[in-house]
Amino acid sequence: MPKSKEPEKKESSEKKKFSRRDFLTISGAAVAAQALVTTTGCSTTPETAPDTAAELYPESKGYLVYDSKKCIGCTTCMLSCSMVHYGEQSLSLSRIQIMQDSFGKFPDDLQIAPCRQCVTPPCVINCPEGAAYIDTENGNVRRIDQEKCVGCQTCLEMCPQQPHRTIWNHVTGTATKCDLCIDTPYWNEKGGIGGKQACVESCPMKAIKFVSFTPDQKETEGYNVNLRNDHWLNLGLVDSATVVPPMMKNQPPMPKFGPPKPKAKG
Amino acid sequence: MKGGYTGKILRVDLSNKEIKTIPTEKYVEFGGGHGMGSAIFFDLVGDQLPFEAFDPRNLIIMMASPFSGTNMPGSGRVDVQGLGPMLYPIEWFGHSNFGGRFTAQLKFAGWDGVVVEGASDKPCWINIVNDKVVIEDANGIWGMDTWDTQEEIARRVMPGLKLGEWAEVSDDDYTTQVPAVVCCGPAGETKSRLGALLHGPGSQAALCGFGGVFGSKNLKAISAIGTGSVPIADPKAFMDTRLWYNQFQWNVDNPREGNRFITGMYKVSAGAPSGANTTNSQIPLVPARAAACASCPRGCRMRLASADSNESVCGGTMTFGGFRGGGGNLKTTRNQNDLMQKYGFGHWQLIPTRGYLMTLYQRGLVGKGKMIECDLPLDQADSAAFPMALMDAMATRKGIGNDLTEGAARFAAKYGLLEEDLHKGALRLTYWGTSDHYDARIEVEWGYGSLLGERDLMLHMMANYPLHWMAWTGDPYLTAEQAAKLYTDAMVPYNGDEFMADYSEKGIYTDSKVKAVAWVKHYEKFWIGAGGFCGWRWPMCITCTTPDGRGPTPEAEPRFWNAVTGQNLSFADAMEIGHKIYTLDRSIWVLQGRHRNMEVFPDYIYDQPSRGSEMPMYIDGQWKYDNGAGRKLDRAKFEDWKTRFYKFEGYNPENGYPTRETLEGMNLKRVADTLESRGRLG
């Protein structure tokens, strides 16, 4: 977790900083709604404040789900992310993080950490500058306005995920997060809802997928899904020793090493 | 330098405990990677040659490429360069590469490469954290196996590191990544000539014995972690190219003719994930993921639920126990091979060394009271205990282990067996002390290319996978004629000559084959070497993943290169730089004593008939797949072929030395001057 930084770029209004524990004690949409209207600059105003979380935080119309058992850890998604957003190749700036232990045991040797576009988004709720917001003009994607962000890192602390999905940009001194590729100045494709996402497009294993339904928010499993089919199993990449790939059923014992008799055609 | 380079190369002097930098700009004409490494080697110590590999003057050079740390597919490798103590009879200026994440992290830390010179007076390791570089004391690490070494160093570099959390690397810089460590094992510490460098559990620089060079320098490891960026000259063009490349990848959800291309040898050669771990291919399968090097869209390796043989491939999984288990069970096999990785032995030379020992045992020459005294349990060679006993003896230089750890060639020479066994084929160290691999009488670009280099070529994606293994399956997806034409179409600038792919009795001595071997060497030096490409991924002249069989070569390479660097390099331009790098390497070998008279195969290649090896051949006016069984290499014809090759490359055919005209035409006047001062200018 990066160290908190005093706002330097601009004068900051009195900030209310939540600790992770504080946030977790907050329950109910009304409390969250109050936090929103008092601390953020999203388009919702007190006069028109809705009284339900669903209205207050309109759900994102797009999400990234992934299959951590299908991932090969090549970090292509990470580098594509930094490429389209910054025109550079960087793992630290990537808004999706792949973490792996080469010595570890499958499947616990690797984790994928993209932003969940939370239905109740702590980063938006707790941003004291209104920099983190719901982009109602672009499918309700949760975003961070780089012009407004003062680098206080509250959103990093408030993100309940481990690792936090808001990303510290050490170059600009601001926080960033996945925008589903809405703002990709270094890519010729249209991103965002209805467009393409660089990580999805470049993943060689097709282990990341854009979906328009809201995943189960309670568990990681809502986002970490099975994207494998029989072709994957036929590569010998099973997730249980009892699984027999279709092509290996009724297979004779493997031959010892040595060249098969050639039956080459001309 | 618009993109691809960080701008500075790290130079570490272990003797004087000095950290210096070399501006990358000085070597940009060599591209990167191997090219820059060769030039740096020549500039720093070329005029002092010859000297021995364990001399402190020897260098360990690990240069990144402009592609390192980028999304360029299959560019996650690094060439280690320096004098190779494993090579024979001269410790040639050699190279050995390994995959993983090392050069990516080196680039993110802000370095285009690392050059290590001198020797430390006590065990040390080099700690690279962004711009900060420290020569650390290896107390408590020296003596550890390669796996423990890496985990301990990761703990020392980032004490707060936990998988799945952000950790502070330096002030206000954070990462979720772990340090990339390359190290030697106990084998390297005792200067074994078979000592490898390990990165991760199974990524080896297996050839040349650079683990032993680490040991000779009292250098245990180099660790790199960075939070910076690699600049890209034209990000949009790069991203477009990366997505264009997708069509050549194995489609994991709907592979083209999936049932065909993941059976038998296609599983390794077709570009499908995971196939290179040879010990997890029979039921019951151990649950596993395919695991990739940085930026590789293939993922040829595996990480298992048992964590056995993680990230090991090919020889790294089959040195002990035999292919798919051999006489033992798979669990034992995996553990034995993992033990090899932990000791830090290079698998590709441990295989012939162990095999030769057993051959001598069967001949009655080795054992208690025999000509070669040995107290290893040779009668229990199939047991799980034998590999440990063998490797422990070698790593600690006990008994016969002290001789074996010198490598098979020097071991045989010590007991007066080398000359006869090498030439009769009992000890098949075909290329400069490295093992026979593919038949030099048939698959000649491999054989000739190795002999005209300094060690086994080890480039499967030349003709080997695409042509040989396609035919070897017995189910080739292209006819021999189609394959020859498609393959050679990609061989710019010599494209259009399909007979470059003719492996017939006649075809292996033609001028077309001169061009083919030159193409292999130039591609090896630029795209593989300077570009950091993987030899299991590039070149892709043909592929089974596209309907027309065409691969991304030669379009992809310059598209990626120019997008990253901002240069305007054509494929042919790059191949000429490859020619230049090859010529520079050759000049260094000449300074070490190379002469065309040395570039001959062991007698068995000329005198004993080949068992055959399937390749496209043009016979009696028709293309066909044939194996050429029974063929012997003709000495006179091969010598004539060499003469034409030397002329083609700009070398004096009388001695194989590069000429002044050739060198000066490559902006290598300083090399010509050095050769002339030694009386070795061609």
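Just so you know, the protein sequences line up as chains F and S, in that order.
Per this note's numbering, the first sequence starts with residue 206, numbered consecutively.
Per this note's numbering, the second sequence starts with residue 933, numbered consecutively.
Even glycine gets a Cβ: it sits at the ideal position worked out from N, Cα and C.
Only a predicted model underlies this, so the values are computations on that prediction, with no experimental measurement involved.
So, helix, strand or coil for residue i, using DSSP?
| i | result |
| --- | --- |
| residue 1490/S | helix |
| residue 331/F | helix |
| residue 424/F | coil |
| residue 1382/S | helix |
| residue 940/S | strand |
| residue 983/S | coil |
| residue 360/F | helix |
| residue 1473/S | coil |
| residue 1064/S | strand |
| residue 1106/S | strand |
| residue 1137/S | strand |
| residue 1199/S | helix |
| residue 262/F | coil |
What residue range does the alpha helix (DSSP H) around residue i cover?
| i | result |
| --- | --- |
| residue 1080/S | 1078 to 1089 |
| residue 1604/S | 1601 to 1609 |
| residue 287/F | 281 to 291 |
| residue 1190/S | 1190 to 1193 |
| residue 439/F | 435 to 439 |
| residue 1167/S | 1167 to 1176 |
If we ignore side chains and look at the alpha-carbon of each, how far apart do residue i and residue j end up?
| i | j | result |
| --- | --- | --- |
| residue 1085/S | residue 308/F | 14 Å |
| residue 983/S | residue 937/S | 32 Å |
| residue 1024/S | residue 1015/S | 5 Å |
| residue 995/S | residue 1230/S | 23 Å |
| residue 1223/S | residue 1535/S | 42 Å |
| residue 1525/S | residue 1161/S | 43 Å |
| residue 221/F | residue 359/F | The pLDDT assigned to residue 221/F is 32, lower than 50, so where the model puts this residue is not dependable, and the model offers no usable value. |
| residue 1389/S | residue 1382/S | 5 Å |
| residue 431/F | residue 1116/S | 39 Å |
| residue 363/F | residue 1103/S | 21 Å |
| residue 1448/S | residue 1565/S | 18 Å |
| residue 978/S | residue 1349/S | 34 Å |
| residue 1511/S | residue 1457/S | 7 Å |
| residue 417/F | residue 316/F | 23 Å |
| residue 1096/S | residue 1270/S | 26 Å |
| residue 1398/S | residue 968/S | 29 Å |
| residue 290/F | residue 1168/S | 11 Å |
| residue 1385/S | residue 427/F | 54 Å |
| residue 237/F | residue 429/F | With a pLDDT of only 43 at residue 237/F, under the threshold of 50, the placement of this residue in the model should not be trusted; the figure read from the coordinates follows. Each residue's Cα considered, the two are about 27 Å apart. |
| residue 1114/S | residue 1552/S | 52 Å |
| residue 1579/S | residue 1450/S | 11 Å |
| residue 1575/S | residue 1460/S | 26 Å |
What are the boundary residues of the beta strand (DSSP E) that residue i is part of?
| i | result |
| --- | --- |
| residue 1028/S | 1025 to 1030 |
| residue 994/S | 992 to 995 |
| residue 1221/S | 1220 to 1223 |
| residue 392/F | No beta strand (DSSP E) holds residue 392/F; DSSP gives it neither H nor E. |
| residue 1011/S | 1010 to 1015 |
| residue 955/S | 950 to 955 |
For chain C, find out if any of its Cβ atoms is closer than 9 Å to the Cβ of residue i; answer yes or no.
| i | result |
| --- | --- |
| residue 1236/S | No chain C is present in this structure, whose protein chains are F and S. |
Let me check you understand the geometry: is the CB of residue i closer than 8 Å to at least one non-hydrogen atom of the ligand FAD?
| i | result |
| --- | --- |
| residue 1365/S | The ligand FAD is not part of this structure, which contains no ligands at all. |
Notebook entry, point to check: Residues in the stretch 313 to 335 of chain F with C-beta within 9 Å of chain S's C-beta atoms, listed in sequence order?
Noted result: 313, 314, 315, 316 and 318
Next item on the list: Report the residues of the stretch 992 to 1016 of chain S with a CB closer than 9 Å to any CB of chain F, ordered along the chain.
Entry: 1001, 1002, 1003, 1005 and 1008
Check: Using a beta-carbon distance cut-off of less than 8 Å, what residues from the stretch 1151 to 1178 of chain S approach chain F?
Finding: 1159, 1160, 1161, 1162, 1163, 1164, 1167, 1168, 1170, 1171, 1172, 1174, 1175 and 1178
Next item on the list: Could I get the ranges of all uninterrupted beta strand (DSSP E) runs contained in the stretch 1291 to 1320 of chain S, with 3 residues as the minimum, in chain order?
Entry: none
Item checked: Contact residues within the stretch 1197 to 1212 of chain S, judged by C-beta distance below 7 Å to chain F -> 1204, 1205, 1206 and 1212
Next item on the list: Return the residues of the stretch 260 to 290 of chain F that lie within a Cβ-Cβ distance of less than 8 Å from chain S, sorted by chain order.
Entry: 274, 275, 276, 277, 278, 279, 280, 281, 284, 285, 287, 288 and 289
Checklist line | the stretch 391 to 402 of chain F: positions lying closer than 7 Å to chain S by Cβ | finding: 391, 392 and 393
Note to self: Beta carbons nearer than 7 Å to chain S: which residues of the stretch 442 to 453 of chain F have them?
What the structure shows: 442, 443, 444, 445, 446, 449, 452 and 453
Next item on the list: With 8 Å as the C-beta to C-beta threshold (strictly closer), list the residues of the stretch 337 to 366 of chain F near chain S in chain order.
Entry: none
Notebook entry, point to check: What residues in the stretch 425 to 442 of chain F bring their beta carbon closer than 7 Å to a beta carbon of chain S?
Noted result: 434, 436, 437, 439, 440, 441 and 442
Check: Whole beta strand (DSSP E) runs in the stretch 1403 to 1475 of chain S with 3 or more residues, listed along the chain?
Finding: none
Note to self: At a CB distance below 8 Å, what residues from the stretch 1096 to 1117 of chain S approach chain F? Give them in sequence order.
What the structure shows: 1096, 1097, 1098, 1100, 1104, 1105, 1106, 1107, 1108, 1109 and 1110
Next item on the list: Within the stretch 1526 to 1613 of chain S, note down every full alpha helix (DSSP H) run reaching 4 residues or more, in order along the chain.
Entry: 1535 to 1539, 1567 to 1581, 1592 to 1597 and 1601 to 1609
Check: Going along the stretch 1211 to 1226 of chain S in order, which residues come within less than 7 Å of chain F, judged by CB to CB distance?
Finding: 1212, 1213, 1214, 1215, 1216, 1217, 1218, 1219, 1220, 1221, 1222, 1223, 1224 and 1226
Next item on the list: Report the residue ranges of all alpha helix (DSSP H) runs contained in full by the stretch 1209 to 1254 of chain S; include only those spanning at least 4 residues, in chain order.
Entry: 1247 to 1250
Next item on the list: Pull out every residue of the stretch 409 to 420 of chain F whose Cβ sits closer than 7 Å to any Cβ of chain S, in chain order.
Entry: 409, 410 and 411
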